[in-house]
Every structure is written in C-alpha cells, then in structure tokens.
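Let me begin by presenting the structure, written as structure tokens, before commenting on it.
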Amino acid sequence: MRPSQGLIAVLVCHAPTDAPPWQQHLEVAAGTTAGQALAASDFAVRFPGRDPWQDGVGIHGNMVGPAQLLKADDRIEIYRSLVFDPMESRRRRAAHRQRKNPDRKP
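Counting in my numbering, the sequence shown runs from -9 upward without gaps.
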C-alpha cells in the first residue's frame, strides 16, 4: 500500500465448489467501490460467465452491494450457493444416528 498515492490494499476471494479457492490482492484508489474492485479484478477471466453478484458479495462476512465503499484491508468475498440443504443434512444425520443406536430418543 502506498498512502502517498492514495491507494488502499484489498483482497478479493472466492471458493468455487469445483476448483481451489481463488484470491487476488489489489491496490485501488481510496473511494473505490466493491463493484469497481470486482471489475478491476481477474474474476471475470478466471470464472467466465459467473455473475459475482448472483449469490451475493460480502466484506468480512457482511453482505454488501456494488456501491459499498472500500476501506484499507477489506476482504471482498464472492459467495456461492450452498451445495446442500442444511435442514436436509440435519435430517439425514439424525436418521443415521437413530439407525446406528435405535435405543436413542430422536
């Protein structure tokens, strides 16, 4: 980061289901938005046809929109859909435990 040039360092990251996690460090001008940072990143090249806003984008775990102003050291997270339904997974685990130990109360 070079404060004298008005740049801030941010990280753009994504964890696709079919590839290793991807991240890119960027230096952007102070006042840059999340949308501008995503456009400046290699995301569109690495994941062609994937809309980063489809499943949401967040900064440090909080959902944001494209107009969100960035701060130094922000981590821009590009989310993806869940590959399973959490409630269905709980039901399967409970059924498995019940089969494994039939004397156990559900």
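Beta carbons: idealized from backbone N, C-alpha and C, even for Gly.
Because the structure is a prediction, the values reported are computed rather than measured.
- Shown here, Gly48 sits in a strand according to DSSP, grouped into three states.
- Sequence-distant Cβ neighbours of Glu17 in its own chain, meaning closer than 6 angstroms and more than five residues away, are Leu(-3), Ala(-1).
- Per DSSP, the unbroken beta strand (DSSP E) holding Arg65 starts and ends at 65 to 68.
- Within a 10 Å sphere around the beta-carbon of Asp64 sit 16 or more other beta-carbons, which makes this residue buried.
- Beyond the five residues adjoining it in sequence on each side, Arg36 comes within less than 7 angstroms, by CB distance, of Trp12 in the same chain, given in chain order.
- The stretch 81 to 96 makes no contact with the stretch 48 to 63; the number of CB pairs closer than 8 angstroms stays below 3.
- Across the set Ser71, Arg70, Ile49, Gln(-5), the C-alpha of Gln(-5) shows the shortest separation from the C-alpha of Ala19.
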